[in-house]
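Heads up, the thing below is written out as structure tokens.
In this note's numbering, the protein residues as written are 5 to 287.
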């Protein structure tokens, strides 16, 4: 396992960690000034600014774009809406290419409004990823399927385990082109009894495209907006990263924390200092 001490160049900050409180240009400057090697911006920030300007600033500061967050949800109640969702994702993939993103993070979506058809939603996701693969290849940006904790199956993602995501990858990309893989997020995967086997399988297939770090608080008050800073929760983060890296992952370690009542209220530079310390000592 790599030693992160003094190696913030191996670490990245997902801009959600700072709460989207400032213009993207200021956030980019902060992350670079703090010594991190990478950044993962969100679409609403990039689209509110200018993708070409953001790309130039990121390159000038020597940052890698570890991922572009995130996809438009795929499942829909009509063919027209499904087609529109596909088109939005194709446009986002083109922006990801402009940014030089290492992957486009696919949070695939939950049940369409009013639906109880879980298998139908999952079938739409599979169809949608299949349609997006050609654009991903054309843009040179891999799709990273991110399984979310099962508590989000209704509204955010019907893709809920790493094994499920890998099965979809194998069905859609059996020749392992390099343009379809997975993003492993601690918050969503740490609980999975099959996690070690799934990580090993993902590594063998060379499909680990991103690794997101945070922690799970024992007394979580909000399932979306109360993630823990690394070391404040119950996850053995060192063991988790060891598994990821033993499986062959050589990319950056990306911090992604949603924390409305805690970290999003703190000074952004303080948050970055604490991220840097925890990454180098606990992760």
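Where is the CB? At the ideal position from N, CA and C, for every residue including glycine.
Computed from a prediction, not measured in an experiment: that's the story for all the values here.
Selection from the options that minimises the alpha carbon distance to residue i
{"i": "residue 85", "options": "128, 39, 66, 97", "result": "128"}
{"i": "residue 290", "options": "192, 71, 185", "result": "Because the chain here runs from 5 to 287, residue 290 falls outside it and cannot be looked at."}
{"i": "residue 167", "options": "209, 235, 147", "result": "209"}
{"i": "residue 241", "options": "251, 261, 230, 217", "result": "217"}
{"i": "residue 125", "options": "95, 178, 162", "result": "162"}
{"i": "residue 144", "options": "174, 103, 15", "result": "103"}
{"i": "residue 238", "options": "251, 249, 224", "result": "224"}
{"i": "residue 62", "options": "19, 176, 220, 137", "result": "19"}
Per DSSP, cross-strand counterpart(s) of residue i
{"i": "residue 212", "result": "186"}
{"i": "residue 44", "result": "18"}
{"i": "residue 72", "result": "108"}
{"i": "residue 113", "result": "161"}
{"i": "residue 147", "result": "108, 184"}
{"i": "residue 292", "result": "The structure shown does not extend to residue 292, since the chain is modelled only from 5 through 287, so no value can be given for it."}
{"i": "residue 219", "result": "232"}
C-alpha distance - residue i paired with residue j, whole-angstrom precision
{"i": "residue 140", "j": "residue 264", "result": "33 Å"}
{"i": "residue 340", "j": "residue 123", "result": "The requested residue 340 does not occur in the structure, where the chain is confined to residues 5 to 287."}
{"i": "residue 27", "j": "residue 49", "result": "7 Å"}
{"i": "residue 245", "j": "residue 254", "result": "11 Å"}
{"i": "residue 98", "j": "residue 112", "result": "18 Å"}
{"i": "residue 286", "j": "residue 234", "result": "7 Å"}
{"i": "residue 273", "j": "residue 283", "result": "15 Å"}
{"i": "residue 227", "j": "residue 153", "result": "10 Å"}
{"i": "residue 277", "j": "residue 203", "result": "30 Å"}
{"i": "residue 268", "j": "residue 22", "result": "6 Å"}
{"i": "residue 65", "j": "residue 74", "result": "23 Å"}
For residue i, the three-state DSSP class (helix, strand or coil)
{"i": "residue 100", "result": "helix"}
{"i": "residue 202", "result": "helix"}
{"i": "residue 238", "result": "coil"}
{"i": "residue 230", "result": "strand"}
{"i": "residue 278", "result": "helix"}
{"i": "residue 263", "result": "strand"}
{"i": "residue 258", "result": "strand"}
{"i": "residue 131", "result": "helix"}
{"i": "residue 13", "result": "helix"}
{"i": "residue 125", "result": "helix"}
{"i": "residue 207", "result": "helix"}
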